[in-house]
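Participant: In the working numbering, the protein residues as written are 104 to 438. We put the beta carbon where it would ideally sit given N, CA and C, even for glycine.
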Amino acid sequence: ELQGSAHWYERYVLLPSTFAFLALLVWNYLLSPARVALVRNATLVVGPGIVLVGWGRQLWDLHYTGFDHELYFDIAPWLIFCSVLFLFLLPGRLSWRFAAGYYVLTLLMLGIFLAVHRESLPTIVVNEFSLNIVIAPPVFIVLTSAFTRLRADYARARTHAEDLQEMAMLDGLTRLPNRRAFAQSFKRAKARQLRSKTPLCVMLIDIDHFKRVNDTYGHQVGDEVLVGLANILLRELRGTDEDCRWGDEEFMVLLEETPQKHLAEVAERLRAAVEAANLLERSTLTISIGATHIGVNEGEDVVYPRADEALYASKRDGRNRVTIAELADKPAPLA
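#1: Specify the secondary structure class of G321 as computed by DSSP and reduced to three states.
#2: For I310, is the classification buried or exposed, using 16 other Cβ atoms within 10 angstroms of its Cβ as the cut-off for buried?
#3: Determine the closest residue to V377 out of V328, T361, A284 and G421, with distance taken between C-alpha atoms.
#4: So the beta strand (DSSP E) R422 belongs to, where does it begin and stop?
#5: Which partner residues of R348 appear in the DSSP bridge assignment?
#6: Express the C-alpha separation of W349 and D411 in angstroms, rounding to a whole number.
#7: Pick out whichever of P362, V148 and I153 has its Cα sitting closest to the Cα of K300.
#8: If you pair each beta-carbon of the region 334-347 with each one of the region 276-291, do three or more pairs fall below 8 Å?
#9: Indicate whether H396 and L303 have their beta-carbon atoms separated by less than 9 Å.
#10: With 16 other CB atoms within 10 Å as the buried threshold, where does G107 fall?
#11: Assign S417 to buried or exposed, taking buried as 16 or more other Cβ atoms, counted over all protein chains shown, within 10 Å of its Cβ.
#12: Please report the straight-line C-alpha distance between R372 and N423, rounded to a whole angstrom.
#13: Do the CB positions of Y206 and P180 come within less than 9 Å of each other?
#14: The alpha helix (DSSP H) with H365 in it runs from where to where?
#15: Could you tell me the alpha carbon to alpha carbon distance between L273 and A264, rounded to whole angstroms?
#16: Considering only the alpha carbon of each residue, which of L147, G321 and T319 lies closest to P194?
#17: Just reading off the beta strand (DSSP E) that S391 is part of, what are its end residues?
#18: Using beta-carbon positions only, say whether T209 and L182 come within less than 9 Å of one another.
#19: Nearest-angstrom Cα distance between R341 and A292?
#20: How would you label W199, buried or exposed, when you count the other beta carbons within 10 angstroms and need 16 or more for buried?
#21: Mapping DSSP to helix, strand and coil, what is D411?
#22: Assuming the contact rule is C-beta atoms closer than 8 Å, A394 and A370 should be a hit. Round their C-beta distance to whole Å, please.
#23: What residues are listed by DSSP as bridge partners for I308?
#24: Short check: CB of D344 to CB of V330, under 9 Å?
#25: Among residues of its own chain, excluding the 5 on either side of L44, which ones have a beta-carbon nearer than 6 Å to its beta-carbon?
#26: So if DSSP puts L303 in a beta bridge, which residue, or which two residues, is it bridged to?
#27: For A435, does the count of other Cβ atoms within 10 angstroms reach 16, so buried, or fall short, so exposed?
#28: Exposed or buried, F122, counting other C-beta atoms within 10 Å across all chains shown (16 or more means buried)?
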């Protein structure tokens, strides 16, 4: 004999349903994003479907066993729970429609049963039924729907804000960081240099005769050259190095933990990589580089002009070369 006075649904379906819900949720986390929709739909079919079948079976049994008003009170929390599943697992207005449809279907089942059963109900049962079934679930559905809508709006606004922040920190053409982002990287690197006294260097890169490239090949080819140079920087530099599009055809690179004696080697390797890259079909594209070591107590106002002077020295001495500016502000061409 079954223990207690539990309904058929509570005896046979409640525990398996709980395990089914938990299994589907765990499965959802383990699956790839492409399968998430399948798991979501399976959850909405299995969960509310089992609950609805349980209600129908109990109502059918009541037709033969007699009236039991506890069933009406048990329906309310499960009705709310299943409606919330639709609200949280389905996107947009579809969630509201399915939740409302599930509620209406439940009321329809109860209405048909009451119409067929035709048994007078006590006043207290009618009042409880009106409160628990007719009033409470719709109010809860509306409030939950509003909450999910606010949550979705907040997520979209946050994503939009992150996209705007990313756009503000990236160059639109090369997708490299822009000067604003580089300034923040420079401040962080300087803070690390002050703490650990590690060497810090910068390189200012300029494409030789870039105006001639635009005039000869067109601005589209010029843009392709800029993107190609950006890709070379990403390929040749370390992951810890910071690079950015400084402006027009100029790029800036920040190298941490790079001793001054190795700076010339890095710059020359980069210059040679660009020269060998064949970024232009009918001619060779070259770059000029001005580089300098950064003193521990030096800031942007000192470092950038010195790198610019070194770059100017490379241009003045024939381009396609590297010039290292010493801390004494005396540019020293690379031999």
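Facilitator: To lay it out plainly:
#1: coil
#2: buried
#3: V328
#4: It is not in any beta strand (DSSP E) - R422 carries neither H nor E in the DSSP assignment.
#5: F354
#6: 12 Å
#7: P362
#8: yes
#9: yes
#10: Reliability of the predicted coordinates at G107 is poor, the pLDDT of 45 falling under 50, and no value is obtained from them.
#11: buried
#12: 12 Å
#13: no
#14: Q363 to E378
#15: 14 Å
#16: L147
#17: I390 to H396
#18: yes
#19: 15 Å
#20: buried
#21: helix
#22: 5 Å
#23: F354 and I392
#24: no
#25: A question about residue 44 goes unanswered here, because the residues of the chain that appear run from 104 up to 438.
#26: E359
#27: The predicted position of A435 is uncertain, since its pLDDT is 49 and thus under 50; a value taken from the coordinates is nonetheless stated next. That one is exposed.
#28: exposed
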